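Numbering of the sequence shown is given in the working numbering, commencing with residue 94 and proceeding in unit increments.
All C-beta atoms, glycine included, are put in the ideal place defined by N, C-alpha and C.
Please read all numbers here as calculations on a predicted model, not as lab measurements.
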Amino acid sequence: DDYRLGFKWEKKIRPFCNKLIVFDDFKTKKHFVDFYINYKNDSSFKKKSTLRNIIPKKCVPILGPQYSIINNKLKRSYVKKSKNNILFYNGSSGNLNIFLKIIINLLNNNFLKINLFVLIGITNQENNSELILLSRIHKNLILIRNQNDTSSILSKTDLFIGSSGNLIYELSYLKIPSIFLPTARNQKNYYKDLEDLGHFFSISQKDLKYTLKITSLIRIIIINYERIKKLNINSLIKINKLGPKKIYNII
């Protein structure tokens, strides 16, 4: 499970392995392995030609979100709160300042009862001076640092805004409405595939310049929260914690 390792490395190491297994979330990266695990909900994987181009004939593909590995500590919250908790996160190294204007707009909105949490990536502890200053002024802006385990913060989140990595599956399990901002090629999903997982909002990072429109979207989601929450609850694909057991049984 490392982007630095690929086909050439796998081919060299394969003779020394009983079983070589790879986790990947790209659909075009070539591999030389015995088991290929990709739990992305991508309809293109239904075409055999897609797999023929990336894995050997004898390789066993383990595909789909039913094999997703999510944090075992995650707990669904059913408690109604007086304020909605909105979580901003841009991955372990993503620039958080892309959210700055939206956060300022939300802080200045006196009609929404919200808490804003900003999860600072492990490798992005610097260049957050403006957010730090804002958090000193506004008590409902909370910065979270040095957090390897996100289960506690995710479990009390009502709306997630950020990059669409593997958190997609944990948010699906928790039935949390989300606004995704794909930041990398492997994070781009077909809209239908996202909808099947209970996610209905995905926008390009370049559209973050439309601050007022995005703030308005967040406001609409909060106001109609119960209705939108039902869309997540009634998703076509249900995520559970059985992914590791299913993978183990196949291997």
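Element boundaries [alpha helix (DSSP H), containing residue i]
i, result
"G336", "G336 to I343"
"Y318", "Y318 to I326"
"L260", "L260 to L267"
"K194", "L193 to L200"
"I225", "S222 to I230"
"I246", "S244 to S248"
Short Cβ contact (7 Å threshold) for residue i with residue j
i, j, result
"S248", "S170", "yes"
"K112", "D127", "yes"
"I272", "I254", "yes"
"N177", "I197", "no"
"D286", "D135", "yes"
"I179", "T304", "no"
"S161", "Y132", "yes"
"L205", "L234", "no"
"G291", "N259", "no"
"F100", "K120", "no"
"Y34", "C152", "Because the chain spans 94 through 344 in this model, residue 34 falls outside it and cannot be assessed."
"Y266", "I163", "yes"
DSSP beta-bridge partners of residue i
i, result
"S295", "F273"
"N208", "N178"
Interface flag, residue i vs chain C, CB-CB below 7 Å
i, result
"S297", "You won't find chain C in this structure, because it holds only one protein chain."
As assigned by DSSP and simplified to three states, the class of residue i
i, result
"L329", "coil"
"Y303", "coil"
"I130", "strand"
"L236", "strand"
"Q280", "Caution is warranted here: a pLDDT of 48 is assigned to Q280, below 50, making its placement in the model unreliable, and no coordinate value can be reported."
"K104", "helix"
"S309", "helix"
"K120", "coil"
"L290", "coil"
Start and end residues, beta strand (DSSP E) containing residue i
i, result
"I147", "Per DSSP, I147 belongs to no beta strand (DSSP E) and is neither H nor E."
"N178", "N177 to Y182"
"L113", "Here L113 belongs to no beta strand (DSSP E), and DSSP marks it neither H nor E."
"F253", "L252 to G255"
"I155", "V153 to L156"
Identity of the residue in the options nearest residue i by Cα
i, options, result
"L156", "I307, L180, I195 and V115", "V115"
"S158", "I316, R107, N333 and I313", "Before going on, a small fix: residue 158 reads as Pro here, not Ser. Of the candidates I316, R107, N333 and I313, the one whose C-alpha sits nearest the C-alpha of P158 is N333."
"S257", "L329, T250, L274 and R312", "L274"
"S185", "I237, R97, I321 and N325", "I237"
"I213", "I191, E103, K123 and R145", "I191"
"I343", "L252, P154 and L144", "P154"
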